[in-house]
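Here my numbering is used: the first residue of the sequence shown is -17, the next is one more, and so on.
Where is the CB? At the ideal position from N, CA and C, for every residue including glycine.
Structure first, then comments.
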Amino acid sequence: MAGRGMIDIEFPEQVSLSPEYLTVARREMDDADVVIFSHPWCYPPLANDLKAHQLVVYDAHNVESVLRVSLHDDLPQAAPLLEGVVATEAALLARSDLVYCCSGEEVALFQEIFEVPPGKLRIAPNGTFTQRFKNDLIRQRAEARAALPAQETIRKRVVFMGSQYGPNAEAGRFIVDELAPRVPSATFVLIGGVGESLMSAATPKNVVCTGIVDDEQKWALLLSADVAVNPMFSGAGTNVKMFDFLAAGLPVLTTTVGARGIAGETTGKGEIVVESRDSLVAALVDLLVEDIPDDKRLACLALVERRFSWEVISKGLGDQLRYYVAHRAEGRPSVLMLSTWGVACGIAEHAQYFAEGLRDAGANVVIFGNLLLGHEPSGVLPELRFPVMRGWHWDNRTWSTSRVDLGAFNAALSAVKPVIVVLQHHTGFMSVGDYAQIAQEAQKRGVPVVIECHDSAHLQSGEVALLGEAGAQLIVHSEREAQRLGNLDNILVLLHPVRSGNHAGKCVEAANEGDAPFVVGGFGFFREYKGIDITLEAVKLLHRKYPNLQYRGWHAVYPGEEQSVYVHQCLDFVKKQQLEQSVFIDTSFADIDEIIDGLSECDVVVLPYAPSNEGASGAANIALAAGVPLVVSDSRIFSSLSHLAKVVQPRTAHAFAEVIAELLDDDAKRQGLADKARNWAESNSYIAMARKVLAHSSVA
């Protein structure tokens, strides 16, 4: 139609001309437990073939109604087809049990346009396969670069990739007309069909159009490049090409459209640089001034491994589909939980485990999460596992502008119809008055509210009473906190739960057989109050007695804090003391189960925290979940666990070294602490806490 491809949106009407296709589709559907419609076009001819017991999933690559109208609404003759797109998508959304979207933007559009219940919506982002480059990216890049013609090895190479799809063609034209002429020192390589219509006598000589290539050629071209550009100005959904660029170790210069669903702004390590159309040329020149260091290229790969790896996404999606096939027929109550979500935040991590506990205890959980502006998502699984409605602004930079959109919160209450609302509390999230307002909105609808306090040291008894007047019950994690707040009637003491799993801990009897070294473990964000410097100095002291002793620490660095003075001081200490072969620190946001597995291989775990009045330590509970002897400072944050751990006074490296040595020399003491850790973990799980919270719901 008018030279435009319409075959996909005409498919529902035209597929009758391919009866063999429909025959095969119906045969495969007949004994399926799950039927996934990738795009909506196949749904109309097959709708009547679905069975009541089948889980129906809409794999929505775009909000097709919005995308197709934006592409073709200038053609009056396309109106009937576009009306059909909207009707088809609406029908599939209504029939689907689950709808997987590529980004939060699509989730919001489906809710706004079609009023899709939030419980149906999940985010399953596009991705790329990353295993091919694991531990080998830099070598593969060097080989690809060496294979170039000699004259090209001394030039900067900039890549773009895409089909002849309209928005890609627009981006390709921008490269040919704007970028290439103004950056003549670089070679611009356009991979795929996008370049076929751009080649002419007027095309700049520093532009190479490869045409369509196979997978092996594609990766060779990407690996040989210096940077990628993705100057997208229109279109919908996420740009899959971005993941391939990053997996090949290429920093990507793009626009807000090109970064949609991937990055709200320039990322902390510069893996993705987001600029306006007018700033792209200057930004590219800056990006090409110096060679990209290997650690930055590895950071690009790490970003997609963490958030956009098919290996992670596919497994998580398969796990969720199995879960919903098993539980979809159950009449499960809903819980609405307000928390930070899917970002670098300890409370967000705790909230995810608590949500899993609530789900395992028989509830459906919907998250009312923070807006992601200014926050790089930490991983894909939280939004794949649970539906998320985002309606509050979390300011963790100035700590002064955090606020909740009460309209969005009330919309969530209407859509979810929860039997209880759980609010994760921290002073940095919002004021007590804001929490009281939220509780009042829930109470107007007869919905009970519990507020889990993570820093009750900043609360006063009068504020607790105010929250009680608003109808909220408060959870604190120790009797000490409850006593300080006056043991008011609306205070419930629930010890901080432990992440459960099959982590037996290291066998003490075999701990030091042969030449196997003792291993000291640590866990917690790479911040000064965690006392990582004390641990490292203790390790240096312990080396006098145990020269083979190792330290393995999982200390994630918050985005933007990679260059902090404290991080550098600790890492410089390791080098100056020549401990590089004995100290291994992972600064990434590693998967928590991997961390617990790693801690379970340690002989002791050390947490020399600075004094704190917080109620409980999530890091200590992770160590207990690993079934490992725990050594802690006398900080009040560990007061509820003091009977399970070896408490060290004073908080010095010498004192910690002495206690650690005492445990390493005494198998019986280590075994006793390990047994206490395992027993504690078994009796204080997240599912146990979830059951106690659900006992306060409107259906209890």
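Does DSSP classify residue i as helix, strand or coil?
i	result
residue 574	helix
residue 512	helix
residue 492	Model confidence at residue 492 stands at a pLDDT of 44, short of 50, so the residue's coordinates are unreliable; what they give is reported in the following sentence. Residue state, collapsed to three classes: helix.
residue 538	coil
residue 26	helix
residue 507	coil
residue 177	helix
residue 686	As displayed, the chain neither begins before -17 nor continues past 682, which places residue 686 out of reach and without an answer.
residue 422	helix
residue 584	coil
residue 238	coil
residue 485	For residue 485, the predicted structure reports a pLDDT of 47, less than 50, and the residue's modelled location is therefore unreliable. The matter cannot be settled from this model.
residue 385	strand
residue 561	coil
residue 56	coil
residue 454	strand
residue 552	helix
residue 568	strand
residue 114	helix
residue 433	strand
residue 302	helix
residue 407	strand
With distances taken from CA atoms, which of the options is nearest residue i?
i	options	result
residue 368	412, 385, 305	305
residue 532	547, 543, 556, 120	556
residue 200	214, 100, 227, 212	227
residue 63	78, 46, 75	46
residue 240	250, 258, 251	258
residue 31	665, 57, 6, 621	6
residue 444	186, 426, 432, 418	418
residue 278	303, 297, 250	250
residue 84	362, 647, 547	362
residue 142	203, 601, 627	203
residue 298	107, 327, 176	107
residue 72	86, 308, 114, 29	29
residue 211	671, 313, -10, 157	157
residue 366	174, -3, 338	338
residue 609	326, 117, 10, 579	579
residue 323	373, 244, 275, 60	373
residue 48	603, 554, 88, 24	88
Can the beta-carbon of residue i be found closer than 8 Å to that of residue j?
i	j	result
residue 539	residue 549	yes
residue 68	residue 38	no
residue 523	residue 639	yes
residue 473	residue 536	no
residue 236	residue 256	yes
residue 480	residue 461	no
residue 27	residue 70	no
residue 152	residue 263	no
residue 349	residue 675	no
residue 596	residue 437	yes
residue 431	residue 421	yes
residue 280	residue 138	no
residue 534	residue 586	no
residue 688	residue 648	Only positions -17 to 682 of the chain appear in the structure, and residue 688 is not among them; the question remains open.
Thinking residue i and residue j are a contact (beta carbons under 8 Å), I'd like their distance in whole angstroms, please.
i	j	result
residue 470	residue 450	6 Å
residue 170	residue 140	5 Å
residue 315	residue 334	Contact doesn't hold; Cβ gap of about 20 Å is too wide.
residue 347	residue 317	5 Å
residue 581	residue 508	The pair is not a contact, with the Cβ atoms about 16 Å apart (cut-off 8 Å).
residue 232	residue 191	In fact, because the Cβ distance is near 19 Å, the residues do not count as touching under 8 Å.
residue 82	residue 41	5 Å
residue 612	residue 655	7 Å
residue 584	residue 513	Going by Cβ atoms, the distance from residue 584 to residue 513 rounds to 17 Å, so no, they are not a contact pair.
residue 162	residue 186	4 Å
Just checking: is the beta-carbon of residue i within a distance shorter than 8 Å of some beta-carbon in chain D?
i	result
residue 618	Any reference to chain D falls outside this structure, which holds one protein chain only.
Next item on the list: Scan the region 628 to 669 and note each continuous beta strand (DSSP E) run of 3 residues or more that stays entirely inside, going in chain order.
Entry: The beta strand (DSSP E) runs lying completely inside the region 628 to 669 and spanning 3 residues or more are 628 to 630, given in chain order.
Next item on the list: Could you tell me which uninterrupted alpha helix (DSSP H) segments, each at least 4 residues in length, are contained entirely in the region -14 to 22, listed from first to last along the chain?
Entry: Restricting attention to alpha helix (DSSP H) runs no shorter than 4 residues, the region -14 to 22 encloses them at -7 to -4, 1 to 12, ordered along the chain.
Item checked: Runs of alpha helix (DSSP H) lying entirely within the region 165 to 222, each at least 4 residues, in chain order -> Within the region 165 to 222, the runs of alpha helix (DSSP H) that reach at least 4 residues and sit entirely inside it are, in chain order, 197 to 205.
Check: Unbroken alpha helix (DSSP H) runs of length 4 or more, entirely within the region 122 to 160: which are they?
Finding: As summarised for the region 122 to 160, the continuous alpha helix (DSSP H) elements at least 4 residues long and confined to that stretch are 148 to 156, given in chain order.
Notebook entry, point to check: Along the chain, which unbroken stretches of the beta strand (DSSP E) at least 3 residues long are found entirely within the region 247 to 297?
Noted result: Fully enclosed beta strand (DSSP E) runs of 3 or longer: 254 to 256.
Item checked: Every unbroken alpha helix (DSSP H) within the region 334 to 404, with a cutoff of 4 residues, ordered by chain -> Here the runs fully enclosed are 363 to 367, 388 to 398.
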